[in-house]
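Protein chains in written order, with the working numbering: chain A, 25 to 229; chain B, 25 to 229. Here a beta-carbon is modelled for each residue, glycine too, at the ideal position from N, C-alpha and C.
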DNA sequence: ACACTTACTAGAATCCGTTCTAACTTCGGT
DNA sequence: ACCGAAGTTAGAACGGATTCTAGTAAGTGT
């Protein structure tokens, strides 16, 4: 479990023909479908390969490990979240409000496919992922909170990353059946109000 | 990967004879020793069983899965942390200072056995652990921060849990080689000052 | 002491990720 | 149209966690 993008990876260089792009697409699709019901364990490499109509060896050529496959699937989910946000940006007045908005939107998205979400999140935390989920989410939060107006302090980055960490942890708890959507919302709001509120101005308390 | 405490578990009921207690102890010791160098992969069930001088089947009777074994090992580490804190309580003046103190003490402890720490933390995140590492650490933080003087608000519990989540995430980053001890300290301080500072009084800024 | 339930042991067997092999295709250059 | 490199395939093979089996010891109640 190591590599990130691979030899014939996604949008990146290396994909020669259209059939390779399509193969990759079929693989990702099969993987997501399998994980959607049954979670990680249902997403077995043999099964993915079979369902995608490629040989096991080929699957491993595209994704050197199961983890790489998971990371790729997550990447696609994040793409969707980002474009969703671009389409309809969070409207809240405060930075922490906007951050909560984005996180809860992501939460709802993940809740639609709990098995998939579970598989993906756990796998990601485990992974030696080079393209960090956390960093990407933190960057998104910084942008969305509008904290980076000009100066993107280290402190702000840390705070955004912290909120991301809290969110991930809450998601895990939800997937373990120990939080409801409402729990998460409340808890994220509490954490966000502390972490992201701009103290001089808006205090949410 | 599910169960938590098992049939013949630790201090809990179920352990009939002394030899069983000793067996359990030998297993935990062997597991920790193996994980200390070589990490998760070195801690193979066959090897643990062999080194503990029990049959593979017996190991599985005591710990139904590798995860359960890991959880138990972590439990022991937490015991040690708690008694260390009881021995020498954090002295900082502010709640967030005390929390940082405890977290960094735990960090140093884990850093002494990076392979072990890596194995343990990852496994914990993965586990459907019923005896939540997070909750236990959060409780510890609440106590240590002295936030619960009389009233242990839900908000306080959430904030402590949040700080715990941030810490775990930072640890993971460290284990991936992306944070130094100093990084963690700085980042935890930033998060703690926001999450735990008592706003009316001490502002750390 | 005796019968019996429960724990333990050695080892085979199963499952799944990953690797390896040998033969077959596809593609780009000529 | 032909050649060699790179991509693909079916399937065997390997490694480690987990499960299963049959038989042997240990602890308990009478």
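For residue 78 of chain A, the closest Cβ of chain B is not nearer than 8 Å. With a threshold of 8 Å between beta carbons, residue 208 of chain B makes no contact with chain A. In this structure, DSSP gives residue 204 of chain B a state outside helix and strand, which the three-state scheme calls coil. Just so you know, the alpha carbons of residue 167 of chain A and residue 180 of chain A end up roughly 11 Å apart.
The beta carbon of residue 63 of chain B is closer than 8 Å to those of 139, 140, 142, 143 in its chain, skipping five residues each way along the sequence. If you draw a straight line from the Cα of residue 218 of chain B to the Cα of residue 86 of chain B, it comes to about 43 Å. Apart from sequence neighbours up to five positions away, the residues of its chain that approach residue 162 of chain B with a beta-carbon distance below 6 Å are 184, 185, 188, ordered along the chain. Between residue 147 of chain A and the set A/128, A/97, A/201, the nearest pair of CA atoms involves A/97.
The contact set of residue 182 of chain A on chain B, defined by CB atoms closer than 7 Å, consists of 211, 214, 215 in chain order. For a Cβ distance threshold of 7 Å, nothing in chain A lies close to residue 89 of chain B: the least Cβ distance comes to about 13 Å. DSSP places residue 131 of chain A in the uninterrupted alpha helix (DSSP H) bounded by 119-135. Residue contact check for residue 46 of chain A against chain B: no CB pair falls below 8 Å.
Counting only the Cα atoms, residue 99 of chain B lies some 10 Å from residue 92 of chain B. With respect to chain A, the C-beta atom of residue 97 of chain B has no partner C-beta closer than 8 Å.
In chain B, no part has a C-beta under 8 Å from the C-beta of residue 101 of chain A; the shortest such distance is about 19 Å. The contact set of residue 218 of chain B on chain A, defined by CB atoms closer than 7 Å, consists of 183, 218, 219 in chain order. Under a 10 Å Cβ-count criterion, residue 46 of chain A is classified as exposed, with fewer than 16 other Cβ atoms of the shown protein chains found around its own Cβ.
Within chain B, no C-beta atom comes less than 9 Å from the C-beta of residue 68 of chain A; the nearest is roughly 16 Å away. The C-beta distance from residue 123 of chain B to residue 220 of chain B rounds to 6 Å, short enough to fall under 8 Å. Rounded to the nearest angstrom, the Cβ distance from residue 164 of chain B to residue 126 of chain B is 7 Å, consistent with a contact under 8 Å. Relative to residue 58 of chain A, the option among A/42, A/157, A/83, A/76 whose CA is nearest is A/76.
Our two residues, residue 212 of chain A and residue 55 of chain B, have alpha carbons roughly 37 Å apart in a direct line.
In the structure shown, the three-state DSSP call for residue 113 of chain A is coil. Where residue 71 of chain B is concerned, the enclosing alpha helix (DSSP H) starts and stops at 69-76. No Cβ of chain B is located within less than 8 Å of the beta carbon of residue 43 of chain A. When the Cα atoms are used, residue 145 of chain A and residue 205 of chain A turn out to be separated by approximately 17 Å. In this model, residue 66 of chain A and residue 111 of chain B are separated by some 48 Å (Cα to Cα). Following the DSSP letters along the chain, one finds residue 43 of chain A inside the alpha helix (DSSP H) bounded by residues 42-60.
For residue 136 of chain A and residue 94 of chain A, the gap between their C-alpha atoms comes out near 18 Å. At least one beta carbon of chain A lies nearer than 8 Å to the beta carbon of residue 189 of chain B. The beta-carbon of residue 158 of chain B is placed less than 8 Å from the nearest beta-carbon of chain A. Going by DSSP, residue 158 of chain A is part of the alpha helix (DSSP H) stretching over 157-169. Between residue 134 of chain A and residue 195 of chain A the beta-carbon gap is near 7 Å, inside 8 Å, which marks them as a contact. Taking the Cβ atoms as the reference, residue 214 of chain A lies roughly 16 Å from residue 198 of chain A, outside the contact range of under 8 Å.
Check the Cα spacing between residue 118 of chain B and each of B/203, B/52, B/169: the tightest is with B/169. The beta-carbon separation of residue 129 of chain A and residue 108 of chain A, rounded to 7 Å, stays under the 8 Å limit for a contact.
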